[in-house]
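Working notes, structure below.
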Amino acid sequence: MNLKTVNLDIMATGVAVLTFNRPETMNSVNDQLCLDVKAACKEAAENDQVKVLVITGAGKGWSSGGDITSLASMKDPISAKETYDGSGELVTAIYELKKPVIAALNGVVAGASVAACLACDLIIASERARMGFTFMQLAFCPDSGASHFLFQKVGYHKALELLWFGKILDAEEAEKLGLFNKVVPHEECLSEAIRWAEKLALQPLMTVELDKKLMREAGKNNYYQQTELEALYQVLTWSSEDFKEGCAAFAEKRKPVFKNR
């Protein structure tokens, strides 16, 4: 793949690591990065070797958000819309991936890249990680789905507090708010994310995918709609070979060996 601003490394364990690679700009988002992330996510989606995707950043940060040079060069509403659409498509590529996506948050994430981070299914953060809702500093509203993810995570009142006052959360604060799954020593951030990913790669991936769909729908379904969806997905998993293997392993008191069938 001809990727210019990201690296995609596929490991024998079924884990792929996508690294934003513009460390000189704190991995800020420009047009090329948007194209490269979409291409890398497409490869991860279509490559049967890839079971789980881990996303991290080169250098000191995960991503500082939109490239200020690109933002300042926009001349009219049409060019501005094109720029924002590109950023939104980057986030959508991550969000729509059916396979599990884990962010290894190695440093600062701010602006539009907050949406990309929160679009991941799990977030392992370095103790040095910072999450900045810095739109107000530029007199900007949030973009790329940041307001959607933030509201889903922390609710109306806290979301507005973070946006209006441009709050920059340290790792401990973000973990307490439920924005991060786990905070680890800085040097263990990527290895811990890969460890989680390798553990997930051994799970029955059909069930993992359906669990992801269930959690996406739970936020908008009522009790009756959600239980009906659960019943449908249980029938699908009951029909799988992995379900039979799970039952056999339980009866034989051994670890199951799932084959994703």
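Numbering (this note's numbering), first residue to last: 13 to 273. Where a beta carbon is used, it is the ideal one built from N, C-alpha and C, also for glycine. Everything numeric in this text was worked out from a predicted model, so none of it was measured.
DSSP has residue i in a bridge; who is on the other side?
i	result
residue 223	Paired residues: none, contrary to the question.
residue 65	28, 113
residue 182	142
residue 251	Per DSSP, none; premise fails for residue 251.
residue 166	DSSP, once it has assigned bridges, lists no residue as partnering residue 166.
residue 195	137
Answer with yes or no whether the minimum CB distance from residue i to chain D is below 7 Å.
i	result
residue 218	The structure shown contains no chain D; it holds only a single protein chain.
What does a CB cutoff of less than 8 Å around residue i pick up in its chain, not counting 5 residues either side in sequence?
i	result
residue 173	179
residue 56	20, 28, 30, 62, 65, 109, 111
Rounded to whole angstroms, what is the Cα-Cα separation between residue i and residue j?
i	j	result
residue 192	residue 183	8 Å
residue 153	residue 146	10 Å
residue 241	residue 149	43 Å
residue 256	residue 177	53 Å
residue 75	residue 39	5 Å
Cutting at 7 Å between CB atoms, please list the residues of its own chain near residue i, excluding the five before and the five after it.
i	result
residue 218	249, 252, 254, 272
residue 99	41, 46, 78, 124, 155, 156
residue 25	210, 213
Cutting at 6 Å between CB atoms, please list the residues of its own chain near residue i, excluding the five before and the five after it.
i	result
residue 78	41, 123, 124
residue 245	222
Using only alpha-carbon positions, find the residue among the options that is nearest to residue i.
i	options	result
residue 210	27, 220, 16, 94	27
residue 121	109, 101, 35	35
residue 224	165, 50, 132	132
residue 231	201, 176, 166, 263	166
contact_flag[the segment 228-247, the segment 207-214] where n(CB pairs < 8 Å) is 3 or more:
no
With contact counted as at least three CB pairs below 8 Å, one residue from each stretch, are the segment 52-62 and the segment 186-204 in contact?
no
Would the segment 157-165 count as touching the segment 135-144 if we require 3 or more Cβ pairs under 8 Å?
no
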